[in-house]
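To start, the structure under review is shown below, and the notes come after it.
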Amino acid sequence: MIKIFSNPSVIITVDTGGENVKRGKSLDQISLLPDHSILVENSTIKDFIPTQSLSKFSSYQNISLKNKIILPGLVECHTHTVFCGSRGDEFRDRMSGKTYEEVAANGGGINKTVIAVREASFDEIIKTVSPRIEYFISQGITTLEIKSGYGLDFENEIKLLNVIKRLNEIYPIEIISTFLGAHTYPNEFKDNHGDYLNLIINKMLPYIAGNKLAEFCDAFCEKSAFSASEVDSIFNKAVELGLKVKLHTDQFNSMQGISTALRHKAVSVDHLEVINQADIKNIGASETVCTLLPGVSFFLNHSFAPAKKLIEGNAIVALSTDYNPGSSNIANLNLIMSIAALKMDMTIEQTISSVTINAAKALNRNDLTGSLEIGKKADFAILDTNDYTDIVYATGKNLNCMTVKNGEIIYNSQNS
Ligand code: NIG
Ligand code: FE
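Reading the sequence shown from the start, the letters are residues 12 to 427 in the working numbering.
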């Protein structure tokens, strides 16, 4: 089956010349292709044809995109979308002066969401989170990562991973699953860290790997959560079982998380608000993606990650919402791009590379999606503007009017 996505004002290919990644200065090169249309065969990009020769292809289905921009389908590479309940009360407490860490230490935080998740059935969780997936799709997101991490016992972590698996079956985008049993210590193991680590390493991880319930293993390396040596023992087992690793680290404290992640060849290190100079240097020489989450700094009124220094240091930078109920109740990737530009001094082009090819690399999907190159998947976000400056300038506005996954139109704003 051949289709032509024809006559857009411009195609932003984010071409990588086959490298499938952008690091350092190359984040600024997003490759604009005017006067071209895209020929799609089955689910992949077959060719870019000059729009003036379109008449030769008149027998194929034609999707006219006049005055629109074609962008690679967006990749949302770090979310905690499967949560239940609200943390609005904590939000209020924070507005009257308490910090995120104080709120967590007083029985709020991640463990509050854990209570709500444990009370909810599989079906209730699916019902609660489905509109969130639909919202991501409406933004042009064609690949979405979701973490567990609010179950924090065997039964409920597995329940969340099965919810993510089911969502991937229900929705036409690709939903990728990450096990985050090491999100924090659950209340019942507050004074017995050894037993919880043992549960993760000897029960949860073998079951999850054996049943292919997650592709990645994540952890939170932080004073209030897991030390670098605890992360190290979890990652040893995860890697042995064939999972790839990623790490929440350097959000509030820099405590050897990055060197631990690099030792395990992590696909990404995420947060990095307080990353130190030595780690900036090491990460720039590695294949590990730096996933920056400026929505968290905005939402918690905390420092921003040093995006410019990382890019100058040749790092592979990606951006994501970190959508979760406590530190970033933001599911809008466009807003994140604007915050990144306004608060971390990223250029518009850098933000585009960061939510496409580099976010795909953070999920090990960069050879398939994240840029528009012949042979890659026909995953597109179609934006209703002629000027790509609007992606960042129209702060928080959803400019996406059509989402295409594997060559199929899966969302069209005219029908919704
Ligand atoms: O990525 N850092 C840890 N986890 C989340 C916050 C989750 C929560 O507060 O519920 C984050 O910021
Ligand atoms: Fe997170």
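Glycine included, each C-beta is placed from N, C-alpha and C at the ideal position.
- In terms of side-chain proximity, the C-beta atom of Asp378 is found no nearer than 7 Å to any non-hydrogen atom of the ligand NIG.
- Ala289 counts as exposed, since fewer than 16 other C-beta atoms from the protein chains shown sit within 10 angstroms of its C-beta.
- By the beta-carbon neighbour count (other beta carbons within 10 angstroms, threshold 16), Lys234 is exposed.
- Boundaries cannot be given for Asp46, as no beta strand (DSSP E) includes it and DSSP labels it neither H nor E.
- Straight across, the Cα-Cα distance linking Val21 with Thr260 is about 38 Å.
- Ile212 and Lys201 have their C-alpha atoms roughly 17 Å apart.
- Taking 7 Å as the cut-off, one finds no heavy atom of the ligand FE near enough to the beta carbon of Asp261.
- With a cut-off of 7 Å, the C-beta of Thr124 is classified as near the ligand NIG, since at least one heavy atom of the ligand falls inside that distance.
- For His313, the CB stays at least 7 Å from every heavy atom of the ligand FE.
- Per the coordinates, the alpha-carbon of Tyr404 lies some 33 Å from the alpha-carbon of Phe231.
- For Met413, the secondary structure class from DSSP, reduced to helix, strand or coil, is strand.
- Sequence-distant partners of Ala272 (beyond 5 residues in either direction) whose C-beta falls short of 6 Å from its own C-beta, in its chain, are Leu258 and Val280.
- Not one heavy atom of the ligand FE lies closer than 7 Å to the C-beta of Asn343.
- Distances between the C-beta of Asn335 and the heavy atoms of the ligand FE include at least one below 7 Å.
- By the CB criterion at 8 Å, Asn53 and Met12 fall inside the cutoff.
- Around the beta carbon of Phe133, fewer than 16 other beta carbons lie within 10 angstroms, which makes this residue exposed.
- Taking 8 Å as the cut-off, the Cβ atoms of Met355 and Phe315 count as close.
- When distances are taken from the beta-carbon of Asp134 to the heavy atoms of the ligand FE, even the shortest one reaches 7 Å or more.
- Sixteen is the threshold: when 16 or more other Cβ atoms of the shown chains lie within 10 Å of the Cβ of Asp333, as they do, the residue is buried.
- For Arg376, the number of other beta carbons within 10 angstroms of its own is at least 16, and it is reported as buried.
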